[in-house]
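UniProt numbering numbers the first residue of the sequence shown as 5 and each following residue consecutively.
Ideal Cβ positions, reconstructed from N, Cα and C, are used throughout, including at glycine.
Keep in mind that this is a model prediction, so the values were computed, not measured.
Quick notes on the structure that follows.
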Amino acid sequence: KILILDFGGQYSQLIARRVREFNVYSLIKGHDISLAEIKAIDPVAIIFSGGPDSVTAVGAPGVDQGVFELGIPILGICYGMQLMAQLLEGGKVEKAEQGEYGKADLEIFSQQNLFKDLENYSQVWMSHGDHVKEVPTGFKVVAQTETTTVAAMADFERNLYGVQFHPEVNHTVQGKKILHNFLFRIINARANWNMADYINEEVSRIRKQVGQGKVICGLSGGVDSAVASAIVHKAIGDQLTCIFVDHGLLRKGEAEQVKRTFGEEFNIPLVYVDAKARFLARLAGVQDPETKRKIIGDEFINVFDEEAEKIKDVRYLVQGTIYSDVIESGGTDKAATIKSHHNVGGLPEEMNLELVEPLHFLFKDEVRKIGEVLGLPSEIVWRQPFPGPGLAIRIIGPVDWDKLEILREADAIVQEEIRTAGLTREIWQSFAVLPDLRSVGVMGDERTYGYPIILRAVTSDDAMTADWARLPYEVMQSISTRIVNQVSEVNRVVYDITSKPPGTIEWE
Ligand code: XMP
């Protein structure tokens, strides 16, 4: 077991994720854990995370000095390295004249142990205002950058290492190699942990948390809620009931897929609520996108609430929150708010249910792996992100059933062609938009006057920025031909070539 001590850094979970990537078991604990607890965990090595504080400040997060006497390797990252320097004899940390943020060029002087087989020069990711002025007794300076003289330090005898940069971040080109060296050269860790183990641990944790209590979940058709529900069901079986609110704004076939997968194949008690008419009635004539969102979010809560009421004695609610949602909403103590989340399914607090969150510490690709291990169909596991308000924000102007059906047909063709071309996974989102206008065309010898479909396909890492996808012409060609031929009322297809910014991914 690798123990990661968290000092409040943005990247603590990312360190855990990297260790998991090497199939090594790790666990994260707060820095204030006692020495006795650490001994009980009996880790083979410890990693100190980064953190936003200054080690020299009064009350800065520390660690029991006894960890250095355990005789196990320790790797300190950023704040973690500075803490090492502060606590060990002879070391000194002070405020740097110049902080270092972002990419930096690293020069390494040693090829020993942690630094074995690394290139001497490489790019690293830095984020610090303090620096190590003097290394503790027994340590050597192992690397530097232009602004930081101690960019890495090592006591090769005691296997204590510090790096000022962040090896867990992708921008640190040799980061994975360094972590690999730590795990397999220095501590000879066993690479025998995998996602099936994660599921088993989660299953016992959930059983402990809920006991005999009743649990509900909301299914949206998306991968996160699907995987979360499947794990919880594995843990507690029929104590779980899932509620699926069909607002009529889903893509073609999605409601059926959810019913089939969860209700039939997984045999999860499933309440299917046909709320199409309710949603459409409230959306009738509504033009403004934000009003649409508000109505949909609000009505979703109404319906969910009504259904949850019918199930007696519910005490827990499953949420498919994943780690990036936690960071983006500023959910960890220290990490800053990057984007406030706006998922439909933000359920009212008065419901007073305790949350069960089996994916809380996982990254999207890990959630997908778990979905695969659990045997969920690949259409769900590899589903592209889809907005909670669904097709309502892809119909410009008022939404009605006829327009929904036109958009569903056109969108299904987009999905099929993208899938056939093998592009689903590399494209972040691909979909059709139905604008509120018509144009003239000709079909056979007839004049037509129909809707255009706007084709939108973007590449992105996190939806914060995006670029329009360079779809192959043949793919665009077949999408266009099929839509115009097969979807009556549509006589034209156009492609949106706007990046984000200045555009957004959605049209509303
Ligand atoms: P934009 O259009 O802002 O979208 O570039 C960024 C990402 O968020 C999704 N999106 C939403 N998701 N409720 C959601 O749950 C919403 O109201 C909403 N609006 C946009 C969008 O699909 C993209 O992935």
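For residue i, three-class secondary structure by DSSP
i: Val462; result: strand
i: Val488; result: helix
i: Gly217; result: coil
i: His135; result: strand
i: residue 527; result: In the structure displayed, the chain extends from 5 to 512; residue 527 sits before or after that span and is not available.
i: Asp329; result: helix
i: Val348; result: At Val348, the pLDDT of 44 sits below 50, so the modelled position is not reliable; the number obtained from the coordinates is stated separately. Three-state result, Val348: coil.
i: Ile81; result: strand
i: Asp317; result: coil
i: Ser224; result: coil
i: Phe248; result: strand
i: residue 562; result: Here the chain comprises residues numbered 5 to 512, so residue 562 is not present and cannot be evaluated.
i: Val479; result: helix
i: Lys120; result: coil
i: Ala473; result: coil
i: Ala195; result: coil
i: Ser126; result: strand
i: Glu111; result: strand
i: Pro456; result: strand
i: Gln243; result: helix
i: Asp292; result: coil
i: Gln102; result: strand
i: Gln14; result: coil
i: Lys212; result: helix
i: Lys504; result: strand
i: Arg387; result: coil
i: Asp278; result: strand
i: Leu380; result: coil
i: Met468; result: coil
i: Gly392; result: coil
i: Glu311; result: helix
i: Glu512; result: coil
i: Ile6; result: strand
i: Arg372; result: helix
i: Leu287; result: helix
Inter-residue Cα distance where the pair is residue i and residue j
i: Gln419; j: Asp406; result: 20 Å
i: Pro393; j: Val145; result: 55 Å
i: Thr508; j: Asp317; result: 43 Å
i: Ile272; j: His237; result: 7 Å
i: Leu187; j: Thr176; result: 17 Å
i: Leu380; j: Ser434; result: 22 Å
i: Pro362; j: Tyr327; result: 11 Å
i: Lys137; j: Gly66; result: 19 Å
i: Val446; j: Asn489; result: 12 Å
i: Leu411; j: Gln243; result: 38 Å
i: Phe304; j: Lys263; result: 18 Å
i: Glu23; j: His184; result: Reading the sequence as shown, one finds Val at residue 23 and not Glu. Roughly 9 Å separates the two Cα atoms.
i: Ser224; j: Ser443; result: 35 Å
i: Leu91; j: Gly84; result: 11 Å
i: Tyr499; j: Arg286; result: 31 Å
i: Gly133; j: Thr151; result: 11 Å
i: Val494; j: Leu253; result: 19 Å
i: Val62; j: His35; result: 16 Å
i: Leu438; j: Glu104; result: 48 Å
i: Arg423; j: Gly70; result: 56 Å
i: Ala436; j: Glu258; result: 16 Å
Integer Cβ distance of residue i from residue j, believed to fall under 8 Å
i: Gly80; j: Met88; result: 4 Å
i: Phe365; j: Ala64; result: Not really, about 25 Å apart at Cβ, beyond 8 Å.
i: Ser30; j: Ile6; result: 4 Å
i: Ile203; j: Val377; result: 6 Å
i: Ala232; j: Gln323; result: 7 Å
i: Tyr320; j: Val219; result: 4 Å
i: residue 2; j: Phe52; result: Residue 2 is absent from the model: the chain starts at 5 and stops at 512.
i: Gly54; j: His170; result: 7 Å
i: Glu73; j: Pro140; result: Actually they do not touch by this definition, with Cβ atoms about 14 Å apart.
i: Glu161; j: Gly142; result: 6 Å
- Message: Does the contact criterion of 3 or more C-beta pairs under 8 Å hold for the region 291 to 300 versus the region 382 to 402?
- Response: Proximity of the region 291 to 300 to the region 382 to 402 meets the contact definition, three or more beta-carbon pairs being nearer than 8 Å.
- Uninterrupted beta strand (DSSP E) stretches inside the region 400 to 442 (no shorter than 3 residues): Secondary structure in the region 400 to 442: the beta strand (DSSP E) runs of 3 residues or longer, each lying completely within the stretch, are 433 to 437 in chain order.
- Query: Taking three-plus beta-carbon pairs below 8 Å as touching, is the region 483 to 497 in contact with the region 452 to 468?
  - Reply: Yes: at least three Cβ pairs fall under 8 Å.
- Task: Taking 8 Å as the threshold, find out whether the region 294 to 302 comes into contact with the region 193 to 201 through three or more Cβ pairs.
- Result: Under the Cβ criterion (8 Å, minimum of three pairs), the region 294 to 302 does not count as touching the region 193 to 201.
- Task: Determine contact between the region 115 to 126 and the region 208 to 215, defined as no fewer than three beta-carbon pairs at a distance below 8 Å.
- Result: Fewer than three pairs of CB atoms, one per stretch, sit closer than 8 Å, so the region 115 to 126 makes no contact with the region 208 to 215.
- Report yes or no: do three or more beta-carbon pairs, one from the region 185 to 194 and one from the region 41 to 49, lie closer than 8 Å? The region 185 to 194, when compared against the region 41 to 49, does touch it at the 8 Å Cβ threshold.
- Message: Below 8 Å, how does it come out for the region 229 to 247 and the region 305 to 316: are there three or more Cβ pairs, yes or no?
- Response: Result yes; three or more Cβ-Cβ pairs closer than 8 Å.
- Query: Using 8 Å as the threshold, is the region 95 to 102 in touch with the region 51 to 63, meaning 3 or more CB pairs across them?
  - Reply: Touching, yes.
- Message: Runs of 3 residues minimum, wholly inside the region 28 to 95: which ones carry the beta strand (DSSP E) assignment?
- Response: Runs of the beta strand (DSSP E) lying entirely within the region 28 to 95, each at least 3 residues long, are 30 to 34, 49 to 52, 78 to 81 in chain order.
- Mind the definition here: the region 363 to 378 touches the region 11 to 25 only if three or more C-beta pairs lie below 8 Å; say whether that holds. For the pair of segments examined, the region 363 to 378 was found to touch the region 11 to 25: the number of CB pairs separated by less than 8 Å reaches three.
- Message: Counting beta carbon pairs with one atom in the region 467 to 481 and one in the region 424 to 442, are three or more of them shorter than 8 Å?
- Response: Result yes; three or more Cβ-Cβ pairs closer than 8 Å.
- Item | Every unbroken beta strand (DSSP E) inside the region 148 to 191 [3 residues or more] | Taken in chain order, the complete beta strand (DSSP E) segments of 3 or more residues contained in the region 148 to 191 are 156 to 159, 164 to 167.
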